[in-house]
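Asker: Start counting the sequence shown at 1; every next residue gets the next number (full-length UniProt numbering).
Where is the CB? At the ideal position from N, CA and C, for every residue including glycine.
Predicted model only: the values in this text are computed from it and were never measured.
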Amino acid sequence: MEKYLIDAGYKVILTRRSNSETFSNIERAEIGNENDADLVVRIHAYGSNNQSINGASMLVPGDVGYADDICEVSEQYGRSILDAMTDEVGMKNRGIVEKKILEDLTGLKSLSFWVKWDLCQIHKKISC
């Protein structure tokens, strides 16, 4: 993904390149803030033995006071990315989920959201 974004003209800062790297949520927020990130995307792939649980969802900050400045635009970008992912790849769209407790998005000053999808669906599309 990094290569595609760079090729499209975006500046990309990865906070994790391998499973052995770990940063706290606060450290990740600091990296984004120190680099004046306009957009923060966290991608999480989950696997399941239950093949009926598949697709992609988007977690965005809810209206909780300290996230007021980024809620609306985060949802707009999140919806756009989720729709593109599900339309282009053909996975099930599991919708937008507002996070009212943002322990996972601690301290970010920029647009932020999580992309979550089930690995089973990805493997069906890519490796089969």
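(1) Per DSSP, what are the beta-bridge partners of Ile31 in this structure?
(2) Are the beta-carbon atoms of Ile13 and Asn35 separated by less than 8 Å?
(3) Going straight from the alpha carbon of Ala29 to that of Gly90, what length do you get?
(4) In terms of residues, what are the limits of the alpha helix (DSSP H) holding Glu72?
(5) In terms of DSSP beta bridges, what is Lys100 paired with?
(6) Kindly indicate which residue of Gly55, Ser24, Gly32, Val64 has the alpha-carbon position closest to the one of Glu88.
(7) Within 10 Å of its beta-carbon, does Leu111 have 16 or more other beta-carbons around it, so buried, or fewer, so exposed?
(8) Going by beta carbon distance, what residues of the same chain come within less than 6 Å of Asp63, once the five residues before and after it are set aside?
(9) Give a single yes or no on whether Met91 has its beta carbon closer than 7 Å to a heavy atom of the ligand ZN.
(10) Out of curiosity, what's the CA-to-CA distance linking Ala37 and Ser48?
(11) Would you identify the three-state DSSP class for Ser127, choosing helix, strand or coil?
(12) Which residues in the same chain as Asp83 place their Cβ atom closer than 8 Å to its Cβ, once the five residues preceding and following it in sequence are excluded?
(13) If you draw a straight line from the C-alpha of His123 to the C-alpha of Thr86, how long is it?
Answerer: Looking at the coordinates:
(1) For Ile31, which the question treats as bridged, DSSP gives no partner whatsoever.
(2) yes
(3) 31 Å
(4) 68 to 89
(5) Its beta-bridge partners do not exist; DSSP assigns none.
(6) Gly55
(7) Caution applies to Leu111, whose pLDDT of 47 falls short of 50 and renders its modelled position unreliable; the value that the coordinates give is listed next. Buried: at least 16 other Cβ atoms inside 10 Å.
(8) Cys71
(9) Within the structure as shown, the ligand ZN is missing, as the structure has no ligands at all.
(10) 33 Å
(11) Residue confidence is low: Ser127 scores 32 on pLDDT, short of 50, so the model does not pin down where it sits. No coordinate-derived value is stated.
(12) Asn93
(13) Residue confidence is low: His123 scores 36 on pLDDT, short of 50, so the model does not pin down where it sits. Its coordinate-derived value is still stated next. Their backbone Cα atoms lie some 15 Å apart in a straight line.
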